[in-house]
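Q: Using my numbering, you'd call the opening residue of the sequence shown number 75 and step up by one each time.
Glycine included, each C-beta is placed from N, C-alpha and C at the ideal position.
Given the structure is predicted, the values throughout are model-derived calculations rather than measurements.
Right, I'll just put the structure down here and ask away after.
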Amino acid sequence: MTDKEKNSFRKDINGLRAYAVLSVILFHFGIPGFSGGFIGVDVFFVISGFLMTQILVNGMDKIGMGSKFSLLFDFYLSRAKRISPALIALCGVLLTIGWFFLLSYDLRKLAAQTVAALTFLSNVKFWGDGDGGYFDAGVQYKPLLHTWSLSVEWQFYLLYPLLLLFVWRFFQGARSRFIFIAGLLIVSLIFSASISLSKPAFAFYLLPTRAWELLDLLFTSYQQELGNCLLAHWYFSCQPFISNQTYCALSKPQVLH
75 MTDKEKNSFR
85 KDINGLRAYA
95 VLSVILFHFG
105 IPGFSGGFIG
115 VDVFFVISGF
125 LMTQILVNGM
135 DKIGMGSKFS
145 LLFDFYLSRA
155 KRISPALIAL
165 CGVLLTIGWF
175 FLLSYDLRKL
185 AAQTVAALTF
195 LSNVKFWGDG
205 DGGYFDAGVQ
215 YKPLLHTWSL
225 SVEWQFYLLY
235 PLLLLFVWRF
245 FQGARSRFIF
255 IAGLLIVSLI
265 FSASISLSKP
275 AFAFYLLPTR
285 AWELLDLLFT
295 SYQQELGNCL
305 LAHWYFSCQP
315 FISNQTYCAL
325 SKPQVLH
């Protein structure tokens, strides 16, 4: 890790990541008191949106329009290098085990899920299959089901930089950019809430109804660009308190669910 990376390392965010992972693991093991531990996935979405906004906004503010395409290419390449090796290894191991132990029908299903995972379309496939949701019986027979969230994140990685490039091109000033993207967040949130009961699988798996979570901490990561507005001043003066309260707020739904 370089000196620059060390200086920008956020211990509070790393702690939230660990908290999110632990809550999901304890939920899947059925540990009492963690029946709502699945919110760890939502926490990861929020953290991802926060970090991506910081990386991209800071980069775009410092370079010209021509260099922004190079920034996007480097961003995509870094995400691929970080995600793909472990995913390819996992899929390879599962296919090898499946070749020896699964019936032909089940092996074909696993192969189809593997293709979806490697192309970051798992969420679309599991939604399209329509054979049960994430919490239904039988999910233990879908070893790549958990890659749905990775697919959502990768789809966000692909589209969000292009969105920011559009915003930087056609919207001048931090406030107008902020308002435009905040509007997208609100639309996604309303859309998600409106179909959660009628189409729960759609609301759970797909990016349009998850985008509001990934855009949520735009308010935090982009606040320094808003002319030291009251929200930014309040946040920076209270940041230690907010970091502590975040852990408390996250613990309530997973325990009380």
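Determine the extent of the alpha helix (DSSP H) in which PRO235 is found, giving its start and end residues.
A: Translated into the one-based positions of the sequence shown, residue 235 becomes position 161. Here the alpha helix (DSSP H) through PRO235 covers 221-244.
Q: Using CA atoms only, rank isn't needed, just tell me which of TYR93, LEU289, ALA160 is closest to GLY110.
A: For the purposes of this step, residue 110 is taken as the residue at position 36 of the sequence shown. With distances taken between Cα atoms, GLY110 lies closest to TYR93.
Q: Grouping DSSP H, G and I as helix and E and B as strand, with all else coil, what is THR188?
A: As a first step, residue 188 must be located in the sequence shown, where it is residue number 114. Three-state DSSP puts THR188 in a helix.
Q: Taking only the alpha-carbon atoms, compute the straight-line gap between PHE254 and PRO282 and give it to the nearest angstrom.
A: As a position in the sequence shown, residue 254 is number 180, starting the count at 1. As a position in the sequence shown, residue 282 is number 208, starting the count at 1. Taking the straight line from one Cα to the other gives about 16 Å.
Q: Could you check how far apart the C-beta atoms of VAL117 and LEU90 are, in whole angstroms? I think they sit under 8 Å.
A: If you number the sequence shown from 1, residue 117 lands on position 43. If you number the sequence shown from 1, residue 90 lands on position 16. That belief holds up - the Cβ atoms of VAL117 and LEU90 are roughly 6 Å apart, short of 8 Å.
Q: Closest by CA to ILE113, which one among ILE129, PRO106, GLY123, LEU96?
A: The count along the sequence shown starts at 1 and reaches residue 113 at position 39. If we check each option's Cα against that of ILE113, LEU96 comes out closest.
Q: Just how far apart, CA to CA, sit ARG251 and ARG153?
A: Translated into the one-based positions of the sequence shown, residue 251 becomes position 177. Translated into the one-based positions of the sequence shown, residue 153 becomes position 79. So the two alpha carbons sit approximately 25 Å from each other.
Q: Going by the CB atoms, is the gap between VAL115 and VAL223 shorter than 8 Å?
A: Taking the first residue of the sequence shown as position 1, residue 223 is located at position 149. Taking the first residue of the sequence shown as position 1, residue 115 is located at position 41. Per the sequence shown, the amino acid found at residue 223 is Ser instead of Val. Taking 8 Å as the Cβ cut-off, SER223 and VAL115 qualify as a contacting pair.
Q: Reducing DSSP to helix, strand and coil, say where ILE105 ends up.
A: For the purposes of this step, residue 105 is identified with residue 31 of the sequence shown, where counting begins at 1. Reduced to three states, the DSSP call for ILE105 is coil.
Q: Can you say whether PHE108 is buried or exposed, counting buried as having 16 or more other CB atoms within 10 angstroms of its CB?
A: Counted from its first residue, the sequence shown places residue 108 at position 34. It is buried - the Cβ of PHE108 has at least 16 other Cβ atoms within 10 Å.
Q: When you compare only the Cα positions, how much space is there between ARG284 and ALA163?
A: Numbered from 1 along the sequence shown, position 210 holds the residue referred to as residue 284. Numbered from 1 along the sequence shown, position 89 holds the residue referred to as residue 163. Answer to the nearest angstrom: the Cα atoms are 27 Å apart.
Q: Is DSSP giving LEU145 helix, strand or coil here?
A: Locating residue 145 in the sequence shown gives position 71, where the first residue counts as 1. Reduced to three states, the DSSP call for LEU145 is helix.
Q: Counting only runs of 4+ residues fully inside the segment 239-285, write out the alpha helix (DSSP H) ranges in chain order.
A: For the segment 239-285, whole alpha helix (DSSP H) runs of length 4 or above, ordered along the chain, are 248-269, 274-279.
Q: Since ALA191 contacts LEU151 with CB under 8 Å, what's their CB separation in whole angstroms?
A: Numbered from 1 along the sequence shown, position 117 holds the residue referred to as residue 191. Numbered from 1 along the sequence shown, position 77 holds the residue referred to as residue 151. The Cβ separation is near 20 Å, so there is no contact.
Q: Just to check my reading of the structure: VAL226 and ASN197 have Cβ atoms closer than 8 Å, yes? What is that Cβ distance to the nearest angstrom?
A: Taking the sequence shown and counting its residues from 1, the one referred to as residue 226 is at position 152. Taking the sequence shown and counting its residues from 1, the one referred to as residue 197 is at position 123. Right, their Cβ atoms sit about 5 Å apart.
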